[in-house]
Amino acid sequence: MTTRIPPEDPQYEPERMARTLDWNLLRTFVVLAESHSITEAADRLSLKQPSVSTALKRLEDRVGRKLIDRSPGQYALTDAGQLLYREALEINGSVLRLSTLLRDMTDYVQGHVRVTVASHVVCPIFDRVLSEFHVDHPRATLAIEVLSSADAIAEVASKRASFAVCLVRERQPSLSYARLYREFFGLFCGPSHPLFGRTDLTRADLAGHSSVSFETDRLHDVLKPVTMMRAEAELGQRITGLSSHLEEVRRMIVAGLGVGPLPVHVAARDVADGQLWQVPPLDNLPAIDVHVVWNPKAVKNRAEELLLRRLLSTIEATPMEERTYR
Numbered sequence: 030m031t032t033r034i035p036p037e038d039p040q041y042e043p044e045r046m047a048r049t050l051d052w053n054l055l056r057t058f059v060v061l062a063e064s065h066s067i068t069e070a071a072d073r074l075s076l077k078q079p080s081v082s083t084a085l086k087r088l089e090d091r092v093g094r095k096l097i098d099r100s101p102g103q104y105a106l107t108d109a110g111q112l113l114y115r116e117a118l119e120i121n122g123s124v125l126r127l128s129t130l131l132r133d134m135t136d137y138v139q140g141h142v143r144v145t146v147a148s149h150v151v152c153p154i155f156d157r158v159l160s161e162f163h164v165d166h167p168r169a170t171l172a173i174e175v176l177s178s179a180d181a182i183a184e185v186a187s188k189r190a191s192f193a194v195c196l197v198r199e200r201q202p203s204l205s206y207a208r209l210y211r212e213f214f215g216l217f218c219g220p221s222h223p224l225f226g227r228t229d230l231t232r233a234d235l236a237g238h239s240s241v242s243f244e245t246d247r248l249h250d251v252l253k254p255v256t257m258m259r260a261e262a263e264l265g266q267r268i269t270g271l272s273s274h275l276e277e278v279r280r281m282i283v284a285g286l287g288v289g290p291l292p293v294h295v296a297a298r299d300v301a302d303g304q305l306w307q308v309p310p311l312d313n314l315p316a317i318d319v320h321v322v323w324n325p326k327a328v329k330n331r332a333e334e335l336l337l338r339r340l341l342s343t344i345e346a347t348p349m350e351e352r353t354y355r
């Protein structure tokens, strides 16, 4: 007895879906997926709630799947919704870039570059590349947005950022990576702290003191080596201040909230100015790598392409020793 294979549902035939699927519905769905309710999505889209509900119903009818579970007290993407969101995010990013690419086709290089960076990026090589690029292409514009490393990479994956400069926890196969520089983290305290200015400190002197740190300073996260350093210093379990931004972590350390980690090369000026004091350990400090992350599938305008190419060629031409800040 042979098993009869049912014919493919014409609803899912690729050519038919490509002809009939409304891209505006996908844009609406991206906002719905990133919201917590139909009302919130409607506000973000500047539409009436019934219009957004109708758009969702049309999209669900078109794809033949329930996309959002809206049962009482529940608003969550279904498995089909999660799948469609990932694809719609990429499609939406490509469509948004289309007008920019056409607008930037001129005899001279113009266009906008949006870079997402982690807050603690202090790198003379990166600064030099930006300066040289501006001198060569003064009509191009640049926006640098400070985000957590995870959010910076997410913007690149969705094609909303040209590239990112950030920490990398796990590499996504769809993205490309190049190590920009390596930095070392030490522990510091501020002028009002009882350990400030002492040259006779040992690691044991840190035991029980409160601490300040980064949101990503956790055993399972990208700053795990820093977490281990704090644990080995036997700092108290009480973390009195947290932030994802280096400047705010520095602010809390200087204010005396506790001992906290900072990149040694970033803190050097504050140490020289008497605003920070480095405490043990002073040797074998944890090394953290900062990467450039870009999406090879994203079609880039000329400014994005030239800036990224210049940065990558500079990295390749600069020995790692010169990109290591101790």
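For what it's worth, the working numbering labels the leading residue of the sequence shown as 30, then goes sequentially. All C-beta atoms, glycine included, are put in the ideal place defined by N, C-alpha and C. Nothing here was measured: the structure is a model prediction, and the numbers come from that model.
- Separation of the CB atoms of Leu-305 and Asp-312 is rounded to 18 Å, and the pair is thereby denied contact status at 8 Å.
- Annotated as distal: Ile-317 and Ala-207, with beta-carbon spacing of 8 Å or more.
- Taken in chain order, the complete alpha helix (DSSP H) segments of 4 or more residues contained in the stretch 221-299 are 253-261 and 275-283.
- Per the Cβ contact rule, the stretch 144-164 is in contact with the stretch 172-189 (3 or more Cβ pairs under 8 Å).
- Here Thr-83 is exposed, its C-beta having fewer than 16 other C-beta atoms within 10 Å.
- The beta-carbon distance between Val-142 and Glu-277, rounded to whole angstroms, is 26 Å. This is too long to meet the 8 Å contact definition.
- The C-beta separation of Leu-337 from Phe-192 comes to about 5 Å, placing the pair in contact by the 8 Å criterion.
- Leu-209 carries a strand assignment under DSSP once its states are collapsed to helix, strand and coil.
- Within the model, the alpha-carbon separation for Leu-204 versus Ala-183 is close to 10 Å.
- Asp-98 sits in a strand when the DSSP states are folded into three classes.
- Excluding the 5 residues flanking it on each side, Leu-55 has same chain C-beta neighbours closer than 7 Å at Ala-117, Ile-120 and Asn-121, in chain order.
- Assignment of Thr-347 by DSSP, reduced to helix, strand and coil, places it in the coil class.
- Secondary structure of Asp-312 (DSSP, three-state): coil.
- Thr-107 carries a coil assignment under DSSP once its states are collapsed to helix, strand and coil.
- In this structure, the CA atom of Glu-351 is about 16 Å from the CA atom of Val-295.
- Scanning its chain for C-beta atoms nearer than 7 Å, with the 5 sequence neighbours on each side dropped, one finds around Ala-70 the residues Val-60, Leu-61, Ser-64 and Val-81, in chain order.
- Nearest neighbour of Lys-329 by Cα position, chosen from Ala-190, Cys-152, Pro-292 and Arg-227, turns out to be Ala-190.
- For the pair Ala-236 and Ala-301, the Cα-to-Cα distance works out to about 26 Å.
- Residue pairing from DSSP places Thr-145 in a beta bridge opposite Glu-174 and Ala-193.
- Residue environment: Lys-188 is assigned as buried (16 or more neighbouring CB atoms within 10 Å of its CB, all protein chains considered).
- Cβ atoms of Leu-230 and Met-258 stay farther apart than 8 Å, at about 15 Å.
- Where Pro-202 is concerned, there is no enclosing alpha helix (DSSP H), because DSSP gives it neither an H nor an E.
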